[in-house]
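What follows is one structure encoded as structure tokens, with my remarks underneath.
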Amino acid sequence: MLRSSGGMVEMGKYVLRCLECGLRVADAYTNKCPRGHDGLLRSEYSCELSVRKLGGIWKFWDWLPSTEKPFVNSDAMPATYKSEGLARELRLRNLYVSFNGFWPERGAFVETCTFKEYEAIATFQRAYETTSRILVVASAGNTARGFAQVSASCGMPVVCVVPEKALRRLWATKEPSHVVLVAVKGDYPDAIRVAASICDACPHLFVSEGGFRNVARRDALGVVLLDAVFRMHVFPTHYFQAVGSGTGAIGVFEQATRLLNESKNMRGMPRLHLAQNLPFAPMFRAWKARRSKIIPEDTADAEIRIRQMYADVLSNKNPPYALKGGVYEILRATHGEMYGITNEEAKSAQKLFESVEGIDIDPAAAVAVAALIQAVERGVIRKEDTVLLNISGGGYKRLNESHLTCLLSKMDATIRALEIEEIVKELQECIKAAHPTGNGGR
Ligand SMILES: *Cc1c(COP(=O)(O)O)cnc(C)c1O
Ligand SMILES: [Zn+2]
């Protein structure tokens, strides 16, 4: 199934295919079907997967949307290991953890402590190869942190739009001098709106990073599954992850599909167990009501509920649930399940994980642990089943023991959200100052 080989593929390495009409297009940082379909574009790779002698996620370069030698270098990479502590606690014989954060003792070197850093690495590389425009990223905090860190190491500029209250999450271990930060009064959905208006106002200079439509993000998050299969030598029967948008879960499904197609055995597809944090859990609600669409009721009182969330990085009002290739479809295809986790359940799962595995984890990752606990209690998982638990973030305490971090909010480029035209004018000034040539870092 898997080969090791030398030279890079030069031409026609991948195309993007519309899941709705099947149209294949070359990648010009294309995030939507040119015919206007709402379904996702998926990358189709012409080569088989071989393990490359490249750092970090580029080990799986064959199935990442890049045709050049990676210029965005990073050691960030999942660390898959077989659990002992939590496995004993839950009486599971084959529980594997994909740890995505900072834990050098396990070989995990994600310095921004979440898997969002993989998305940033693959996205900057994709942008470098396919567009001269500057990326604009809307974020609840963790995504902006990932993009800021990678921008600091590769030198490509990025505009990060975040809710004001997320500023405390914006730190990096390197001085991020190519980041322009826009702090928005309001919450994550407001940041998404402002980011979109910036791109609309100045489309020749800025390009929306694309969120769940960005194939680089999905394929990079799917590396979690690729790394796990290489480590475990089998496919997991069950896969657990906390979801806000579901981008990561879709990415895992897509990479699993590629691997299974290669071995012509689709029966091995893992069951997806996806978890949301109950104060605000639109996909969980829709799924439990057996609906293929999210309705306004599912997102009622969003502002209040999002404020109550323990894992508010999971707040997303418009996740890719109903569209072609989206979360509803992948849950159906894998006989998947959704879990609604209360703040208390998440907190106690977090405490348990830290005490038995010996590392601190992100509140969102704790939501996934709580879902696994529920599934075991309900008898959904058998003792000998192979389980992959995605710890999507962690190691903050561990990082603080050995690294100095700097807060992005201390940068003088911080801008208050005023009129869009004003923001764009200021952004242009900032970017001119940081990048006299005014392009995407080439
Ligand atoms: C963003 C995030 C998630 C959820 O990922 P989605 O792709 O939005 O579903 C889970 N865990 C952590 C730590 C995150 O930062
Ligand atoms: Zn189409």
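Position one of the sequence shown corresponds to residue 1440 (the working numbering), numbered consecutively onward.
Virtual Cβ for every residue (Gly too), placed ideally from N, Cα, C.
{"Check": "Same chain, Cβ closer than 6 Å to residue 1652, five either side skipped, listed in chain order", "Outcome": "1470"}
{"Check": "Within 8 Å, strictly: CB atoms of residue 1701 and residue 1459", "Outcome": "no"}
{"Check": "Span separating the alpha-carbon of residue 1827 from that of residue 1461", "Outcome": "32 Å"}
{"Check": "Sheet register partners of residue 1535 (DSSP bridge)", "Outcome": "1521 and 1827"}
{"Check": "Whole-Å CB distance - residue 1751 paired with residue 1579, under 8 Å assumed", "Outcome": "6 Å"}
{"Check": "For residue 1688 and residue 1815, believed in contact at Cβ under 8 Å, the rounded distance", "Outcome": "Wrong, their Cβ atoms sit about 20 Å apart, outside the cutoff."}
{"Check": "Range of the contiguous alpha helix (DSSP H) that encloses residue 1671", "Outcome": "1662-1671"}
{"Check": "Cβ-heavy atom distance, residue 1649 to ligand 1, below 7 Å", "Outcome": "no"}
{"Check": "Distance cut-off 7 Å: residue 1463 Cβ against heavy atoms of ligand 2", "Outcome": "no"}
{"Check": "Near ligand 1: residue 1664 beta-carbon under 7 Å from a heavy atom", "Outcome": "no"}
{"Check": "Residue range of the unbroken alpha helix (DSSP H) whose run includes residue 1791", "Outcome": "1782-1796"}
{"Check": "Straight-line Cα distance separating residue 1761 from residue 1530", "Outcome": "36 Å"}
{"Check": "Residue 1476 Cβ short of 7 Å to ligand 2 heavy atom set", "Outcome": "yes"}
{"Check": "Option nearest residue 1696 by Cα separation, candidates 1615, 1658, 1683 and 1571", "Outcome": "1658"}
{"Check": "Element boundaries [alpha helix (DSSP H), containing residue 1755]", "Outcome": "Here residue 1755 belongs to no alpha helix (DSSP H), and DSSP marks it neither H nor E."}
{"Check": "Secondary structure of residue 1802, DSSP reduced to three states", "Outcome": "helix"}
{"Check": "Beta-carbon proximity of residue 1617 to residue 1594, cut-off 8 Å", "Outcome": "yes"}
{"Check": "Outcome for residue 1449 when other beta-carbon atoms lying within 10 angstroms are tallied against a minimum of 16", "Outcome": "Residue placement at residue 1449 is flagged as unreliable, the pLDDT there being 44, under the threshold of 50; a coordinate-derived value is accordingly withheld."}
{"Check": "Which listed residue (1824, 1615, 1763 and 1636) has its alpha carbon closest to that of residue 1674", "Outcome": "1824"}
{"Check": "For residue 1614, the three-state DSSP class (helix, strand or coil)", "Outcome": "coil"}
{"Check": "Nearest neighbour of residue 1465, chosen from 1831, 1624 and 1569 [CA to CA]", "Outcome": "1569"}
{"Check": "Contact under 8 Å by Cβ, residue 1859 with residue 1810", "Outcome": "no"}
{"Check": "Integer Cβ distance of residue 1485 from residue 1521, believed to fall under 8 Å", "Outcome": "Rounded, the Cβ-Cβ distance is 34 Å, inconsistent with contact."}
{"Check": "Status (buried if at least 16 other CB within 10 Å, exposed otherwise) for residue 1501", "Outcome": "buried"}
{"Check": "Any non-hydrogen atom of ligand 2 closer than 7 Å to residue 1472 Cβ", "Outcome": "yes"}
{"Check": "Cross-strand partners of residue 1712 (DSSP beta bridge)", "Outcome": "1679 and 1776"}
{"Check": "Bridge partner(s) assigned by DSSP for residue 1559", "Outcome": "Residue 1559 is not bridged to any residue."}
{"Check": "Beta-carbon proximity list for residue 1631, same chain, < 7 Å, skipping 5 on both sides", "Outcome": "1577"}
{"Check": "Closer than 7 Å: residue 1459 CB and nearest ligand 2 heavy atom", "Outcome": "yes"}
{"Check": "Spatially closest choice to residue 1519 from 1738, 1540 and 1710, by CA coordinates", "Outcome": "1540"}
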